Structure formats: C-alpha cells, structure tokens
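Q: For reference, each letter of the sequence shown is one residue, going 5 to 269 in my numbering.
The beta-carbon is built from N, C-alpha and C at its ideal position, and this holds for glycine as well.
Because the structure is a prediction, the values reported are computed rather than measured.
Quick one: the structure is below, questions incoming.
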Amino acid sequence: MVRVLGISGSPRKGNSQFLLEEALGAARAVSPGKVECTSYSLRGKKFAPCVSCFRCGDQGGECVLKDDFQELRDLWVAADVVIYSVPVYHMGVPGQLKCFLDRLGNSLFGRYRNLFPAGVDTLPKLLKVVGAIAQGVHLSSGQEHTLTDLICHALILQCIPVTGDMWQSYIGAGGWTSNDIARDALARQAEAGEADAAALVKAARDVGRRATEIALVLQEGGRLLKDTLRADPAYLPFLERLGCADPTTAGGGSGAEPGTGQGTD
Numbered sequence: 005m006v007r008v009l010g011i012s013g014s015p016r017k018g019n020s021q022f023l024l025e026e027a028l029g030a031a032r033a034v035s036p037g038k039v040e041c042t043s044y045s046l047r048g049k050k051f052a053p054c055v056s057c058f059r060c061g062d063q064g065g066e067c068v069l070k071d072d073f074q075e076l077r078d079l080w081v082a083a084d085v086v087i088y089s090v091p092v093y094h095m096g097v098p099g100q101l102k103c104f105l106d107r108l109g110n111s112l113f114g115r116y117r118n119l120f121p122a123g124v125d126t127l128p129k130l131l132k133v134v135g136a137i138a139q140g141v142h143l144s145s146g147q148e149h150t151l152t153d154l155i156c157h158a159l160i161l162q163c164i165p166v167t168g169d170m171w172q173s174y175i176g177a178g179g180w181t182s183n184d185i186a187r188d189a190l191a192r193q194a195e196a197g198e199a200d201a202a203a204l205v206k207a208a209r210d211v212g213r214r215a216t217e218i219a220l221v222l223q224e225g226g227r228l229l230k231d232t233l234r235a236d237p238a239y240l241p242f243l244e245r246l247g248c249a250d251p252t253t254a255g256g257g258s259g260a261e262p263g264t265g266q267g268t269d
C-alpha cells in the first residue's frame, strides 16, 4: 500500500485545494486498491513558529509547543508520498506551512537521533517522494521560487522530489489564476477550457501520478534489497514503512508512534 498525504498549504479553501484534489485523483488511479490518499488542509489550523529551544532533541522529537503540528507531523511521518499544494505568499510558501516545516525538521532530528552514534547529527534516508504545486494570482510572481523552496525541504529531509511531465511541468506544477482572486478561479477557468488553467491542472495531475509511481518503484526496490539495507541504520524508518525492518532493531530511535490522523479514504 502506498500512503499519499496531500497538504493544502492555504489558509482558505480554494484554488490550492482544487489542484490538490486533482493530484490526489491521479494518484489513486495509478493502482486502484493499492493507493491510500489523505487530504489535509491548513485552513483553520494553528502552527506556532519554532522557538529554537531544542527540547525536541531530548524528547524523542516531541515539540513543547502544543497545537496542530503534532497531528500533521504524524501523518507526514507515516506517508510514502507527500504532495504540497500552496498559494504563493511573498514569493514563497504561506507562513503557516513554513512554521510547520521549520518545526518538522528539528522534530525529526530528535525523533531519529538514537539511530546513530552519539555526537552524529544527521537524518535517516526517509525516502518519501515529494511533489510540489504552486499557484499565484499573477504571472511570474514567485511560483518557481516557491516550488524550489519545497524541493529544498524535500532534499534536507532526505526525501526524493519528483516533478510531473514536460512541457507543463519542469520542477513541479506552477501556474496562475490570470489575476482572478476568487477561490474558484482555477476550477472555472479549467472548465471553460482556458489554456493556462488546463496546463496547470494537467501538471498537478502529472505530479500526483508520477510521485505515486516512483513510490511504488521504491517500495519494490526496498523489499528486494531489504537484507542489504538492514545493514545501515539510516534506512530503518524506510524499512519500517515497508514492514521489512529487522525485528531486532525495528522501532529503535523512531520516537513516538505515528497517529492515524483523519481523512483517510
């Protein structure tokens, strides 16, 4: 089973959610019955900024700030694929999502630190597949900057960024609402057959499909090479997701067990 987590990084329900659902629909269609999708919206959620207390390093990755971070972190940890769909804010991701990403990075260092010798500050090879979708009101208003931010986030956390298909998608799905601020702008434009909206919808679908396909490839490869990968603790979280970890080491250093979350279909 491939677990796909779709995150709408917008504080409102609109164009980002629309594109995310297009991506998740394409992900489900890759292998019906073998793909489980969860859709999570930041709308109405609270994410405080990281205060750099580093307490998570001594508490198995648990953050001292209690808000909606814990719910989304558990969903993120359990996922094989993470697809971000975000609006462009100041040529970057919205603040709520940035707060989550900042805290996630520190939390994961604490969560997995016991996998490695004392004094070794690193992260395991999480090998989640990450796809990125960004849309803005204006043309060339920061979409590629925003996609690059999310790609860098994936690389920092030892994940694998995946794009869609050219020509519509170079580094992710990026587009604009043709100066329309309405929440349903892209849905209306796509239904009307407007070229820019149609290209963006196709790119979003391609991101969802390709990310899920690569996750299936990784799963098959991980199972085939499980004996080799077991020799390196950096692959333990990946093997645990596959159910292939050595039973004598499974669970070591992985912190709290991930929760089930809501919205799974």
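For my contact list, Y88 and L154 are in at a C-beta cut-off of 8 Å; report their separation, rounded to the angstrom.
A: Walking along the sequence shown from the start, residue 88 turns up at place 84. Walking along the sequence shown from the start, residue 154 turns up at place 150. Contact flag correct, Cβ pair sits at about 5 Å.
Q: Throw me the rounded Cβ distance for the G176 and L151 pair, which I believe falls under 8 Å.
A: Here residue 176 refers to the residue found at position 172 of the sequence shown. Here residue 151 refers to the residue found at position 147 of the sequence shown. 4 Å between Cβ atoms; contact.
Q: Have a look at G65 and D72 and give me their C-alpha separation to the nearest angstrom.
A: Start at 1 with the first residue of the sequence shown, and residue 65 comes out as number 61. Start at 1 with the first residue of the sequence shown, and residue 72 comes out as number 68. When rounded, the distance between both Cα atoms is 15 Å.
Q: Would you identify the three-state DSSP class for S144, choosing helix, strand or coil?
A: Residue numbering aside, residue 144 sits at position 140 when the sequence shown is read from its first letter. It is coil, neither helix nor strand.
Q: Please name the residue, chosen from D184, G135, K102, that lies closest to A31 on a Cα-to-Cα basis.
A: Translated into the one-based positions of the sequence shown, residue 31 becomes position 27. The shortest C-alpha separation from A31 is found at G135.
Q: V85 bridges to which residues according to DSSP?
A: Position 81 of the sequence shown holds residue 85. V8, V133.
Q: Which value, in whole angstroms, describes the spacing of the CA atoms of S3 and C103?
A: Because residue 3 is not part of the residues shown, which for the chain are 5 to 269, the question remains open.
Q: Since G10 contacts S43 with CB under 8 Å, what's their CB separation in whole angstroms?
A: Taking the first residue of the sequence shown as 1, we reach residue 10 at position 6. Taking the first residue of the sequence shown as 1, we reach residue 43 at position 39. Yes, G10 and S43 are in contact; Cβ-Cβ is about 5 Å, under 8 Å.
Q: Using the Cβ count rule (16 or more neighbours within 10 Å means buried), how would you classify A138?
A: On the sequence shown, position 134 is the one that residue 138 refers to. So A138 ends up on the buried side.
Q: Quick check on the burial criterion: 16 or more other C-beta atoms within 10 angstroms. Buried or exposed for C156?
A: Within the sequence shown, numbered from 1, the residue matching residue 156 stands at position 152. So C156 counts as exposed.
Q: Write down the C-beta distance between L220 and L23 rounded to the nearest angstrom, noting that I regard them as a contact closer than 8 Å.
A: Residue 220 sits at position 216 when you count from the first residue of the sequence shown. Residue 23 sits at position 19 when you count from the first residue of the sequence shown. That belief does not hold up - the Cβ atoms of L220 and L23 are roughly 22 Å apart, past 8 Å.
Q: Tell me where the alpha helix (DSSP H) around E25 begins and ends.
A: Position 21 of the sequence shown, counting from 1, holds the residue named residue 25. 19-34 is the span of the alpha helix (DSSP H), which, as asked, contains E25.
Q: Specify the secondary structure class of Q63 as computed by DSSP and reduced to three states.
A: Here residue 63 corresponds to residue number 59 of the sequence shown, with the count starting at 1. Coil.
Q: Report yes if the C-beta distance between D319 and R7 is below 9 Å; otherwise report no.
A: Lying outside 5 to 269, the shown extent of the chain, residue 319 is not represented and no answer is given.
Q: Let me know if T167 comes out buried or exposed under the rule of 16 or more other beta-carbons within 10 Å of its beta-carbon.
A: Residue numbering aside, residue 167 sits at position 163 when the sequence shown is read from its first letter. Looking at its Cβ environment, which holds 16 or more other Cβ atoms inside 10 Å, T167 is buried.
Q: Using the Cβ count rule (16 or more neighbours within 10 Å means buried), how would you classify S144?
A: By one-based count along the sequence shown, residue 144 stands at place 140. S144 is exposed by the Cβ-count criterion.
Q: Exposed or buried, which one is R214 when buried takes at least 16 other CB atoms within 10 Å?
A: For this step, residue 214 is matched to residue 210 along the sequence shown. Its Cβ being crowded by 16 or more others within 10 Å, R214 is buried.
Q: If you drop the 5 nearest sequence neighbours on each side, which residues of the same chain put their C-beta closer than 7 Å to that of F51?
A: Position 47 of the sequence shown, counted from the first residue, corresponds to residue 51. Cβ neighbours of F51 beyond the five flanking positions: D71, D72, F73, Q100, C103, F104.
Q: I'd like to check one pair, G225 with A207: are the Cβ atoms closer than 9 Å?
A: Here residue 207 is taken as the residue at index 203 of the sequence shown, counted from 1. Here residue 225 is taken as the residue at index 221 of the sequence shown, counted from 1. Contact flag unset, no.
Q: For Q193, which residues in the same chain have their Cβ closer than 7 Å to its Cβ, ignoring the five residues on either side in sequence?
A: Counting from one through the sequence shown, the residue named residue 193 turns up at place 189. The answer, listed in chain order, is S182, A201.
Q: Answer yes if the stretch 238-248 comes into contact with the stretch 124-132, meaning at least three C-beta pairs across the two stretches below 8 Å, and no otherwise.
A: yes
Q: So for Q139, helix, strand or coil by DSSP?
A: For the purposes of this step, residue 139 is taken as the residue at position 135 of the sequence shown. Looking at Q139 - three-state DSSP - the assignment turns out to be strand.
Q: Less than 9 Å between the beta carbons of L243 and I164, yes or no?
A: Here residue 243 is taken as the residue at index 239 of the sequence shown, counted from 1. Here residue 164 is taken as the residue at index 160 of the sequence shown, counted from 1. Taking 9 Å as the Cβ cut-off, L243 and I164 do not qualify as a contacting pair.
Q: Look up P15 in the DSSP assignment and say whether it is helix, strand or coil.
A: By one-based count along the sequence shown, residue 15 stands at place 11. Residue state, collapsed to three classes: coil.
Q: Which residue marks the beginning of the beta strand (DSSP E) containing S45, and which one marks its end?
A: Translated into the one-based positions of the sequence shown, residue 45 becomes position 41. 39-45 is the extent of the beta strand (DSSP E) around S45.
Q: Quick one: using the 10 Å Cβ neighbour count with 16 as the cut-off for buried, is W80 buried or exposed?
A: Taking the first residue of the sequence shown as 1, we reach residue 80 at position 76. The residue in question, W80, is buried, as its Cβ has 16 or more Cβ neighbours within 10 Å.
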